[in-house]
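Let me begin by presenting the structure, written as structure tokens, before commenting on it.
Protein chains in written order, with our numbering: chain A, 1 to 346; chain B, 1 to 346.
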């Protein structure tokens, strides 16, 4: 089933609203979810509406909380999200960090007491539209053993980088610190396929190519000790530094119903113009991309793409032609709508 | 052959001095090289003395240049290294960035017109000793194809993170964005050893385990498109933003004798105390590490280590018992000493 992104956003926002989420929060959260679907990152898309609603219903998220500063030093600050939705807390925090970066040249803003904040590209996009560079990180609940360990200990703690370019498409690198997203293993398991070696371990910590065994086990960090260290560094900035949870104390959104997640984020916004004129920067980055695209290509490669380009094209395509929702997801959303007396799209 | 680190530093500094490098520059560069050997990162150690001397002799490095600020905004700044040695430029830049971070809470300092700056841990160590957090990046000459390409296009652009802990050993993650550092392949080639599959391709883009063929070919980025994107993001901050070279315009230290390297760096220093008291931060990070170390271990793993711990132990061991230099390297250094009328150690 194909749906227009605006309709999908309105549907999700209305459902969230009926569940008691204030309009501005419902709107921001829905925009974040639909934005992920627009970019082909379905794992962070409207498929999460249901779990988000359950978190509110169980009192695990407080959709009325304001995000407030608990430390403020101008170019550095620390915010407390009051346990509101991560996408809302993150959007409020980003707006503040962007204002501060334009005022001071840079802003490093830590955030604690937040929740799953969706796709990093949602924030990156907003920063590059204002001609700013952004590095954003978040911690996450445990899914990967650290190097030498067996059980999930580290989150797949994501990091995203965004830079404006002279081209239509900004540079947007939005990555988890695992080799692959768990969603890819779910897909392989559903299809009865094996997974390549190096993606995951089973629940005994042994390497496996069995997708089902991998789902009971743990994802592996990107590049062994490097990914393990990178995931931990992101957690140190997002969790240890901010007063949020870190490691085991970041709660699982799907499994922990006793306590809020206490996710932490870290935003670093840079005013490019303090280094060189924005146009010179975007021009230089455009040249870089041109050179990269002109390189000889590996066999079977039609075009060399830079970070965010594939997702940008998907977004453009989906904005025109609508987002294709799998039948089961559409049915789930429709059922969710019925529960809150909200008509499904169409 | 075993040498005391102080003797090795003095030897290298004296040789560099005889080659016309001012004392403070010679000292800093030698300390950076020996620091890498102390930590077991031989690829960035005194093995590079010879190429550093050749760069000076050929006029490719100006050891007399001062590092000066070309943009200054307090919490952001841009420095020009005047084409001096990277370790010296980096050390001067870091001192400035640390002062600024203590004054303002954060400092993002870009550096252009520099050279190969050695191991990132050299800078990280200095920052954590002052209770500061550091993220430092550098670009490097082309050694890896970007995803979809064949020829070397991106550098193995390294990134390092450092945080003080409540334990004796700080968190120091110092990593190249390749599967392994090129230096490790240089060491293997010098020793006549093969390299594991997955590290590199030959000059035709085919996988190889031959270290010499790999040096003529290309390293592979960490985790495919993720490492490729991360390398480019580091180059954007270190090169595009600073006015240094980027991509192909960062010259190869070993192969390009017509132009300076024009390497760029990016330092981001954070004053932890602006977020929470330093002791609370180090205590929290200590707890994190304790929890990680208490995890069940994979078979054959005696202890779960965090980033920088193995290197710290090597450093302590080498400071006590001396650094073991391979016979061939010791002979090369001795010959280098003779050329500059400097007695070899012992």
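Cβ coordinates follow ideal geometry from the N, Cα and C atoms, glycine included.
Asked                                                                                                                       : Found
Distance CB(residue 56(A))-CB(residue 20(A)) smaller than 8 Å                                                               : yes
C-alpha gap between residue 215(A) and residue 185(A), whole angstroms                                                      : 7 Å
Endpoints, alpha helix (DSSP H) assigned at residue 318(A)                                                                  : 309-321
Under 9 Å by beta carbon: chain A residues contacting residue 175(B)                                                        : 223, 225, 226, 229 and 230
Continuous alpha helix (DSSP H) assignments of at least 4 residues falling wholly in the segment 154-214 of chain A         : 182-191
6 Å Cβ shell around residue 241(B) - same chain, five flanking residues per side excluded                                   : 110
Inter-residue spacing [alpha-carbon to alpha-carbon] between residue 134(A) and residue 36(A)                               : 18 Å
Local conformation of residue 75(B) per DSSP, three classes                                                                 : coil
Host alpha helix (DSSP H) of residue 112(A) (start-end)                                                                     : It is not in any alpha helix (DSSP H) - residue 112(A) instead sits in the beta strand (DSSP E) that spans 106-114.
Chain B residues whose Cβ lies nearer than 9 Å to that of residue 28(A)                                                     : Within 9 Å Cβ-Cβ: nothing; residue 28(A) doesn't reach chain B, min ~25 Å.
Identity of the residues DSSP links to residue 34(A) by a beta bridge                                                       : Answer is none; residue 34(A) lacks a bridge partner.
Proximal residues to residue 254(B) (C-beta, below 8 Å), its chain only, five neighbours per side dropped                   : 51
Closest residue to residue 53(A) among 75(A), 31(A), 8(A) and 85(A) (Cα-Cα distance)                                        : 85(A)
Element boundaries [alpha helix (DSSP H), containing residue 285(A)]                                                        : 278-293
Three or more C-beta pairs below 8 Å linking the segment 226-242 of chain A and the segment 142-152 of chain A              : yes
Stretch-stretch touch, CB-based, cutoff 8 Å, three pairs: the segment 89-105 of chain A with the segment 289-304 of chain B : no
Residue 47(A) to residue 74(B) span [Cα, whole Å]                                                                           : 45 Å
From 156(A), 181(A), 217(A) and 278(A), residue whose alpha carbon lies closest to that of residue 238(A)                   : 156(A)
Range of the contiguous alpha helix (DSSP H) that encloses residue 332(A)                                                   : 327-339
Nearest to residue 95(A) (by Cα), restricted to the options 234(A), 169(A), 29(A) and 127(A)                                : 127(A)
Counterpart residues of residue 297(B) in DSSP-defined beta bridges                                                         : 149(A)
Beta-carbon neighbours of residue 296(A), restricted to chain C and to distances below 8 Å                                  : The structure shown contains no chain C; its protein chains are A and B.
Neighbour flag for residue 71(B) against chain A, beta carbons, 8 Å                                                         : yes
Nearest to residue 306(A) (by Cα), restricted to the options 24(A), 106(A), 167(A) and 44(A)                                : 167(A)
Residue from 131(A), 206(A) and 169(A) whose Cα sits closest to the Cα of residue 298(B)                                    : 206(A)
Neighbouring residues, chain B, relative to residue 98(A) (Cβ below 7 Å)                                                    : Near residue 98(A) there are no residues of chain B at all, since even the closest Cβ is about 15 Å away, more than 7 Å.
Cα-Cα separation, residue 72(B) to residue 251(B)                                                                           : 27 Å
For residue 324(B), the three-state DSSP class (helix, strand or coil)                                                      : strand
Limits of the beta strand (DSSP E) - the one that residue 138(B) falls within                                               : 132-138
Local conformation of residue 39(B) per DSSP, three classes                                                                 : coil
Positions along the segment 262-277 of chain B whose CB lies within less than 9 Å of some CB in chain A                     : 268, 270, 271, 272, 274, 275 and 276
Backbone CA spacing between residue 314(A) and residue 220(B) [nearest angstrom]                                            : 27 Å
Where residue 43(A) meets chain B, residues with beta-carbon distance less than 9 Å                                         : Ordered by position in chain B, no residue passes the 9 Å Cβ test against residue 43(A), which lies about 16 Å from the chain.
N- and C-terminal bounds of the beta strand (DSSP E) containing residue 256(A)                                              : Note, residue 256(A): premise wrong, no beta strand (DSSP E); not H, not E.
Check whether residue 2(B) and residue 323(B) have beta carbons under 8 Å apart                                             : yes
Beta-carbon neighbours of residue 161(A), restricted to chain B and to distances below 7 Å                                  : 233
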